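For the sequence shown, the working numbering begins at 5 and goes up steadily by one. We put the beta carbon where it would ideally sit given N, CA and C, even for glycine. This one's a predicted model, so the numbers in the text were calculated from it and none came from an experiment. Below: the structure, in structure tokens.
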Amino acid sequence: MLNVSRVTVENMEQGCVTDERNPRISYAVHSDLADTTIQDAHISVADWSTSTLEQVAVPYEGAELQPFTTYPVRVDVTDNYGQQASAETSFETGRMNTPWQGQWITDSSYRFTEKKVSPRPMVFRRTVRVVRDKTIAQARLYATAMGLYDFTINGQRVSDYYFAPGFTSYKTNLQYQTYDVTDLLSQGGTESTVLATVTGGWAVGSFVFTRVNRVSAKRQALLAELRITYTDGSVDVIGTDSSWQVALDGPVKAADLYDGEVYDAREQLTSYAENTISGRTVAWHRASAEKLAIKPNIQADYSARVREHEVFTPISVKRRDNGELIYDFGQNFAGVVRLRIKQARVGQVVTVKHAEILNPDGSLNTTFLRTAKAQITYTCREGDQEYQPRFTYMGFRYISVHGVEADHIDVQGVALYSDMDEIGSFSCSHDGLNRLHSNIMWGAKSNLVDIPTDCPQRDERMGWTGDIAVFGPTACFNFDMSRFLDKWLRDVKAEQTRGGGIPNTVPVQGYGFPATMPKMAIDWWGDACVLVPWAVYCSSGDKQILRNMYATMKKYVKACLFWAKLWGRGDQRYIWNTPSVLHFGDWVAPDVPQMSQWQARSPWTATASLNNTSRTLARIAQVLGESEDATYYNQLADRVAQAYINVFTDGQGKLKNEFQTGYVLPLYLNMFPREQREVAVNNFVKLVESNDYKIGTGFPGTPYILFALADNSRADVAYRMLLNDTCPSWLYEVKQGATTIWERWDGLDENGECPIGDDGTDIMISYNHYASGAVGAFLYSRVAGLEATSAGYKTFRVKPLIGGGLTHAQASTRTPYGTATSSWTLHADNTVTLSVTVPVGTTAQVVMPDGTSYQVGSGTHSFTSPVSSLSPAPQTEVKVATDMEVR
Ligand code: BGC
């Protein structure tokens, strides 16, 4: 049977509200007949329809879309067997630039002047009375804020989203959200109370490690519009204006992304609709209009919104002598606690602290949170109650609870992260690797919280560009990253400096070096503007992300080249050696302890980065049909490669200054001339052997080291490194009980204690940094052998890398066309069976360990072959010609 398994609008299956003029429609088809191909397909949106065999990101090109309108979408497909299938969805347009009838409002009596803290939360309220003789057909609330907002109507939350309006480069981009509130408003002439709490969040609150505040606005402000459409077709619009009231004494007493929340349940929002609380009169006063200093483009939410996901119950609770309760959730994650307190006394204060690890005495170790207090202070009302913070989150595995006995409280841990579909799976016969995969997933979940962050616990949680630059491909195997990264890349584009540099953290929001040095470009970190769109394109097949970012990428590479050329002559003109303090170099390389030593490797890492970005840009230019650009960037990449080899090696495959990343990058990026490559591989392998197969790479080398080995016929060495469990190695962390990926490989020593040195890196101990989890791409594409050879897996290769003593591995990822799977088993007689699932609309090349190769269409196929040697034939022998030229 044929069925249309998935239809999306702007990469959402349901509930898309968009301001895009040409929303993109994609669909996937499933069939139980092998070799199904689509012969005929129609996509229609209302009266518009197109006939196309393209399944990915087909733009709506009908009449101009009207605001506040629901559009039906339908896909009709006929296959080569004559079977037919169809599916429907719909989307709604947002404001489509309709001017707001509301205005920005604030509490102008609030002078927020303190530094390094977040403002007092504001509460806004308005009562709404629906005309008695009218019936509501539909009601929508459109809202945004400077700060984080949360609306209730008649005491009920309008949505389950966290951290609206989301973190963007506010001076350019600001999202508004659309809520269906039809069922929340009272009808028949009864009043409804609309309340909004607005805290400082990113825009006004204290953020980044300097704890700077008021970066985007001097205090919170709210912009909202309630549109009520009646069954008779009439419409009422109630916007924010001076008819709204505001107060500074709601139940959320304090909220800060790093420090946590202070909540007084005696002043709950439901009763807060009254004018008195516990006998106290609330200081409601008129809200006043606020003039923002910035003028962002306010667009319908285009993000993957943050929501609750996994809920953990503790695996243990211990009571310490001082009365505090220590709970262990068994998993490090980003999120909040949910407290259920029983038979509380009014005024009883319960405090919760969060940490990733415990001290040897069983208390929480909060040292590495730096200035982040990560604390909840909750004052109870009488009786049973439940509380979960809304305006903060923490990175933690353990909590300590004060002020209540264990039998009077139940706690849960609620994971919060962006709503990206989990599309990938990996498992194999090695438990350690399975745990590693799980740790990679949790590293990602904990750091894909509206923006791609470095870590979720200490006073950073910033959009560090280098981290996602290297982790992007792994993220794309595991999650549908399209909306999440599309959103973030809009800010990357917005934050590019006039000279072409990309700030190290995006959105800038208080820390944006090198934004202050207009032309400055920083290798690997700035490279995110090229590498991230490329990773998204490779997995999604949607060219729009490349088109949107193309000018940004070109400008960036130009800036990189400017710096490379600034010093030196001849080959030196292509060696990027600006002073190393301006780079991160081989960041966190474990073979050298000092930060300055990581940075000192920047001539190598930066030059290789320039080769990589220009080569990738050449591929992108090719995809976009910019062939002159493609030639230019290919030539540039060649020159840079030649310079690297001429300057850094002896010309015979040996680095003058040998370190792992120094070999990894030119090997992975194919920079060595063919005749030198084998010697270079041998020299590299010697270096790895002399380091007992332990990792010596920093951010730029770690994602590629195993590829550099395996793709150069040394799968044996790649597996030894992958399976090594001596520090530093991926499985060392696993052996030490890690449940996420660490920032430093030696985050815990053999005794389970954390190293506290004084080399400047002691303040960098995070147990939840996804960057070195970039090895995940190797698990999928080499261990299981699943790899796109053209964008969006239109064509892909399945070529498992049998070795390392593994007897089984499987991986699957949901491609835009459906789920692609590779699953292999090594039998005692040294034969391998491989099962491959190929989605309708794609074809796969299957390469067995004995080198035999098959081209297959849709369906599930099985293959068997002997394993002649445990290292398969060299990668170069089976290169497939593709538009992407993936590695
Ligand atoms: C962050 C990193 C980041 C780095 C760059 C750190 O503080 O946590 O992950 O990329 O700074 O310097």
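A residue is called buried once 16 or more other Cβ atoms fall within 10 Å of its Cβ, and T40 is buried on that count. As for any beta strand (DSSP E) of minimum length 3 sitting wholly inside the segment 184 to 227, the runs are 195 to 203, ordered along the chain.
Between S544 and P804, the C-beta gap is not smaller than 8 Å, which leaves the two residues out of contact. Every alpha helix (DSSP H) stretch that sits fully inside the segment 603 to 658 and reaches 4 residues is listed by chain position as 606 to 627, 631 to 652.
Collapsing the DSSP output to three states places D471 in a helix. Note on geometry: alpha-carbon atoms of Q224 and G151 lie some 6 Å from one another.
In this structure, the CA atom of F782 is about 7 Å from the CA atom of L710. In this structure, DSSP gives A781 a helical state, which the three-state scheme calls helix. Judged by beta-carbon spacing, A200 lies within the 8 Å limit of F155, meaning their Cβ atoms are closer than that value.
The segment 636 to 647 and the segment 595 to 609 do not touch, with fewer than 3 CB-CB distances between them shorter than 8 Å. Between N482 and I427, the gap from beta carbon to beta carbon is short of 8 Å. For E96, the secondary structure class from DSSP, reduced to helix, strand or coil, is strand. Taking all protein chains in view, the Cβ of E409 is surrounded by fewer than 16 other Cβ atoms within 10 Å, so the residue is classified as exposed. The segment 373 to 383 and the segment 483 to 503 do not touch, with fewer than 3 CB-CB distances between them shorter than 8 Å. In its chain, beyond the 5 residues on either side, V11, V77 have a beta carbon closer than 6 Å to the beta carbon of T93.
With a minimum length of 3 residues, the unbroken runs of beta strand (DSSP E) contained wholly in the segment 116 to 172 fall at 126 to 133, 140 to 150, 152 to 157.
Looking at the DSSP output, N301 bridges to N177. Taking the CA atoms as reference points, A251 sits about 11 Å from S112. A distance criterion of 7 Å places the beta-carbon of W749 beyond contact range of ligand 1, judged by its closest non-hydrogen atom. Around the beta carbon of M5, a 10 Å sphere encloses fewer than 16 other beta carbons of the protein chains shown; the residue is thus reported as exposed. Taking each of N279, E791, D80, G159 in turn and checking the Cα distance to C542, the smallest one comes out for E791.
Shown here, N369 sits in a strand according to DSSP, grouped into three states.
For D51, the closest alpha carbon among the candidates V692, A714, T74 is that of T74.
Cβ neighbours of A788 within its own chain (closer than 7 Å, five residues either side excluded): F430, P804, A813, Q814, A815, S826. Distances from the CA of G399 to each of T182, S307, M675, G264 were compared; the closest alpha carbon is that of G264.
Across the structure, N443 and F652 are spaced so that their CA atoms are roughly 36 Å apart.
By the neighbour-count criterion, in which 16 or more other beta carbons inside 10 Å mark a residue as buried, D236 falls on the exposed side. For the pair V310 and L145, the CB atoms are not nearer than the 8 Å cut-off. When beta bridges are read from the DSSP output, I42 appears opposite D83.
Per DSSP, the beta bridge partners of L343 are Y391, V415.
In this structure, N177 sits near P300, with a CB-CB distance shorter than 8 Å. The beta carbon of T317 lies closer than 6 Å to those of Q416 in the same chain, with the five residues before and after it left out. Short note on D458: C-beta closer than 7 Å to some heavy atom of ligand 1.
Under the Cβ criterion (8 Å, minimum of three pairs), the segment 347 to 355 does not count as touching the segment 193 to 212. By the 16-neighbour rule on beta-carbons within 10 angstroms, W108 is buried. Judged by DSSP in its simplified three-state form, D268 adopts strand.
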